[in-house]
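So the numbering used here is basically just the index in the sequence shown, starting at one, shifted up by 5. Glycine is no exception: its CB is placed at the ideal position from the N, C-alpha and C atoms. Since we're looking at a predicted model, the values are computed, not measured. Read through the structure below, which is laid out as structure tokens, and then see the notes.
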Amino acid sequence: MTLRPGQMPAQRKAAFPPSVDEATRLLILGSLPGDASIRQGEYYAHRGNAFWTLMGGVLDEDLRALPYAMRLKKLRARGVGLWDVIESADREGSLDSAIRGAELRDLSAFVARLPKLEAVAFNGKTAALHGRRQIGSAQGLTLIDLPSSSGAYAMLSREKKAQVWQGLRKWIDPQD
């Protein structure tokens with residue numbers, strides 16, 4: 006690979022462990038955490054990413070105002086799990102278009118271990134492309150393509166994204 010003057014080589018970046026439990030009904034899969042998320046060790050940490058706002062709207066809770074550990078706990082309490090389709094990849098920056106040499110997860114084996122799983126939602130086109138290939142036609146699962154929560158995906162406004170994401174309510178456990 007030839008680098009332009011001032012260009013840094015892509016770095017190998019790794020994803021986080023899953024945030025799921027035996028009660029997970031809806032699994033939301035991203036592609037690979039961005040640099041801000043990797044630095045902070047938190048899913049969707051970049052302030053321009055609307056994930057926590059979008060999911061807060063789905064759950065009718067202000068997730069963004071909560072500490073990260075509580076956000077994950079709230080999702081799991083409502084039957085929602087998080088993970089990524091890519092285990093690791095070379096990538097300069099945070100854009101999915103810069104991902105090279107992706108090592109994919111074994112998602113079909115993973116989803117088979119979630120006894121209550123009903124739906125898998127893909128956060129963005131890259132997640133859908135790789136995730137659908139890996140899961141294939143898993144019996145009984147609804148597969149959902151979502152517009153990316155990333156601020157870099159500006160084809161839809163946050164309001165339009167929120168309308169699509171509201172479709173996830175069908176798989177959300179009610180509050181106690």
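Taking its Cβ as the centre, do 16 or more other Cβ atoms sit within 10 Å of L112, making it buried, or is it exposed?
buried
With DSSP as the reference, identify every bridge partner of I33, one or two as the case may be.
The partner list for I33 (beta bridge, DSSP) reads L87, A126.
Report the three-state DSSP secondary structure of G106 (helix, strand or coil).
strand
So, helix, strand or coil for A41, using DSSP?
helix
How many angstroms separate the CA atom of L80 from the CA atom of G136?
21 angstroms
Beta carbon of L37 nearer than 8 angstroms to that of I104:
yes
Whose C-alpha, out of L100, I149, L173, is nearest the C-alpha of D40?
L100
Between which two residues does the alpha helix (DSSP H) containing L173 stretch?
Segment: none, L173 is in no alpha helix (DSSP H) and carries neither H nor E.
The alpha helix (DSSP H) with L80 in it runs from where to where?
73-82
How would you write the range of the beta strand (DSSP E) that L64 sits in, first residue to last?
Careful: L64 lies outside any beta strand (DSSP E), inside the alpha helix (DSSP H) at 56-64.
Is L151 helix, strand or coil when you go by DSSP?
Here L151 sits in strand by DSSP.
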